[in-house]
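Quick note on numbering: the sequence shown equals residues 1 to 513 in the working numbering. All C-beta atoms in this analysis are idealised placements derived from N, C-alpha and C, irrespective of residue type, glycine included. Note sheet for the following structure.
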Amino acid sequence: MRNIRRYLTLLAVPWAAILLLAPPAAAADPFRVRAVHIDNRIQVLPLPELKRIVESVSSRGVNTIIMEWEGSFPFDQHRVISNQFAYTKAEIAEFVEFCAERGVDVVPLQQCLGHLEYVLQFERYAALREDAMDISQACPSQQEAFLELYGALLDELCAAHPSKYVHIGADETALLGHCPKCAARAEAEGRSALFIEHIRAVAQQVLERGKIPVLWADIVMKHPEAIDRLPPECVLVNWNYGWDVNHFGDHDRLLDSGHELWGALAMRSHPDNYFGAVWKTHFRNYEDFLPFMRDNGYQGVVLTSWSTSGVYSIVREPKRHVVDMAPLRRVYPMRGFQLLLDAYCDAIGRESFDAQAYVAGYAQQRFGLNADEADELWRHLTAISDVPVGDQSTRAALQSAREKACKLRDFLARSNNRTDAADVEHYRLMTAIRVFFLDVQLARLDAEAATGDAPASAALGERLTKLLRGADRLDAWFAELNAENLYPAAIAQENEARRLELQRLYERITSVR
């Protein structure tokens, strides 16, 4: 199979060393579209922070921002969709103009099937749900009503974005063929036809407005049988964050489709969460997938940055009425990952990319570390892994993760007098948050094993009280460090979510009434 064996062996290939932070050698087959994705689903970035990101990447080869506005866009006809952090129209226009002055195209992303909780939560749109209780997905069998809504949203987005592209999302449609009407259609026509007919109708709306539709390719790969029915103008984005190229389906079907292909990497994605970023996964993703995209004629590359998984816990009262939504996974804000953003800008301009060599040079030039310290930073960052959260059997893994986190914390503390780089301060905070989380999990295990013994309960209560004081310090630190890249209300939400488990555990153990 074309180029598959080469890709599957990439992890074992030792890349040649590069000159540290030297200008990248021009790639033989450079990507025409070089994009950064900004996710505003739960961490809406203030306008100055949006501009800072664009300023930092526009001079280094990035020519496109894919903007997932969600509820931060100021809709007129459907005002209720816009949330408390929505920009003004003037701010949107200012941002688009700012980008244009730097040669950067702003592509709006408006989901068209899945990941529509932020719309479908409202009773006005309840009839469009694929499932009455799972509000994540629209029903493709309610096409006329849905297209009326989507067209209205599209009109406002197109008016605000001169880009020739509109990203229509279309990923992770877990409920495809779920409702009775859709189930019958899937049985008669196949899930691919059910999906493609909906996407074709949405894409036609985009084309009628003089734009080119862009969509994620995972469902097309999973159900490719009707791919020939897609409008030929559609651009397919194959997002691969470190798995086999046939993870979603036969990659060759994508290549043979005739559609323009872009590929997507990730700087924040699963298994990242508030309490740890798996840096090694993202660096390896850069090293492996970029050459594969070039070898297979991809014309665009996107760096995605996900603030959450896009899965929510729904609060209802009464039974079917949605009162609130809470994201099931949060990630440290994008500002803490400037290293990965800068590495991407470097990597897209190279034939090959050596992450370890890049980080070594970056740490010396940006953070003032010597060569040995830079190597140590690399070892610490790549030692971070996902942490199992569960019963008493996870205790050893939690303790091991805590030891590693403390070593990174101590290493960063030692570099305190050698650098004033703001990035390092974010690493210190991220590491402190990780240690805090692990301490809370170890305390939780002890609480779950506790009996009604009064002295033991008192000791555990004191331990939790101490952790709460630590949480107060983290809250203040987080607020200070992220004051320019998150709104105050968003900072308060992040702090509340981070300490929620500890707060509830404290109230339970100390019998707070």
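Simplified DSSP state of residue i, which is helix, strand or coil
i      : result
Val202 : helix
Ala326 : strand
Gln503 : helix
Asp39  : strand
Ser269 : coil
Asn240 : coil
Asn485 : coil
Ala432 : helix
Leu19  : In this predicted model, Leu19 has a pLDDT of only 39, less than 50, meaning its place in the structure is not dependable; the value taken from the coordinates is given anyway. It is coil, neither helix nor strand.
Phe73  : coil
Val13  : Residue placement at Val13 is poorly supported in this model, since its pLDDT is 33, which falls under 50; the coordinates still yield a value, given next. Three-state result, Val13: coil.
Ala226 : coil
Ala27  : The predicted model places Ala27 with a pLDDT of 47, which falls under 50 and marks its position as unreliable; any figure quoted below should be read in that light. Here Ala27 sits in coil by DSSP.
His247 : coil
Gly61  : coil
Leu377 : helix
Gly114 : coil
Same chain, Cβ closer than 8 Å to residue i, neighbours up to 5 away in sequence not counted
i      : result
Val206 : Leu154, Val166, Ile168, Ile212, Pro213
Ala360 : Leu20, Ala371, Ala374, Asp375, Trp378
Gln392 : Leu445, Glu448, Ala449
Ala27  : Confidence at Ala27 is low in this model, with a pLDDT of 47, below 50, so the placement of that residue should be treated as unreliable; the coordinate-derived value is given next. Excluding residues within five positions, the ones whose Cβ falls inside 8 Å are Arg294, Ile348, Gly349, Arg350, Glu351.
Glu156 : Phe73, Phe75, Asp76, Gln77
Asp250 : Met221, Pro224
Pick from the options that is closest to residue i, judged by C-alpha positions
i      : options                        : result
Val220 : Ile196, Val202, Gly210, Gly242 : Ile196
Lys51  : Val80, Val106, Glu70           : Val106
Asp171 : Glu484, Cys112, Ala456         : Cys112
Val301 : Tyr286, Gln77, Glu208          : Tyr286
Val440 : Ala454, Arg395, Leu412         : Arg395
Asn83  : Ala413, Met325, Arg499, Ala454 : Met325
His37  : Thr304, Gly297, Gly310, Phe292 : Thr304
Ala35  : Ser58, Leu408, Arg41, Arg284   : Ser58
Glu514 : Tyr362, Tyr427, Pro162         : No answer is possible for residue 514: it lies beyond the span of the chain, which begins at 1 and ends at 513.
Trp243 : Asp288, Glu68, Glu55           : Asp288
Leu215 : Glu208, Arg200, Arg209         : Arg200
Gly276 : Glu189, Pro140, Leu398, Pro180 : Leu398
Lys280 : Leu339, Trp262, Gly263         : Leu339
Arg335 : Asp39, Tyr298, Ala355          : Asp39
Ile384 : Ala193, Asp453, Glu94, His282  : His282
Residue i: first and last residue of the uninterrupted alpha helix (DSSP H) it sits in
i      : result
Met221 : 218 to 222
Arg185 : 180 to 189
Tyr118 : 117 to 120
Thr64  : Note, Thr64: premise wrong, no alpha helix (DSSP H); beta strand (DSSP E) at 64 to 68.
Val104 : Looking at the DSSP string, Val104 is not in any alpha helix (DSSP H), and its letter there is neither H nor E.
Arg473 : 454 to 481
Lys280 : 279 to 295
Ala357 : 355 to 367
Ala421 : Where Ala421 is concerned, there is no enclosing alpha helix (DSSP H), given that its DSSP letter is neither H nor E.
Asn396 : Rather than Asn, the amino acid found at residue 396 in this sequence is Ala. Run containing Ala396: 395 to 414, per the alpha helix (DSSP H) assignment.
Glu148 : 143 to 160
Cut-off 7 Å between Cβ atoms - residues of its own chain near residue i, not counting five sequence neighbours on either side
i      : result
Ala447 : Leu460, Leu505, Ile509
Phe85  : Val44, Ser72, Tyr487, Ala490
Pro271 : Val278, Asp386
Leu539 : Since the displayed the chain opens at 1 and closes at 513, residue 539 lies outside it and no answer follows.
Residues that DSSP places opposite residue i in a beta bridge
i      : result
Val389 : According to DSSP, Val389 bridges with nothing at all.
Glu260 : Val235
Ser514 : Nothing about residue 514 can be read from this structure; the chain reaches only from 1 to 513.
Ile212 : Tyr165
Val33  : Gly300
Arg129 : Ala138
Gln276 : Looking at the sequence itself, residue 276 is Gly, so the reference to Gln does not match. Per DSSP, Asn273.
Residue i, enclosing beta strand (DSSP E) - first and last residue
i      : result
Arg316 : 312 to 316
Contacting residues, own chain, Cβ-Cβ under 6 Å from residue i (five flanking each side not counted)
i      : result
Asp120 : Before going on, a small fix: residue 120 reads as Leu here, not Asp. Taken in chain order, the residues that qualify are Arg129, Ile135.
Ser257 : Ile227
Tyr118 : Glu70, Gly71
Ser269 : Tyr241, Trp306
Gln364 : Ala374
Glu496 : none
Asp366 : Note that residue 366 is Arg in the sequence shown, not Asp. Only Ala421 meet the Cβ criterion.
Glu49  : Asn485
Arg320 : Ala132
Arg125 : A small fix is needed here, since residue 125 is Tyr in this sequence, not Arg. Answer for Tyr125: Val119, listed in chain order.
Pro388 : Thr394, Ala397
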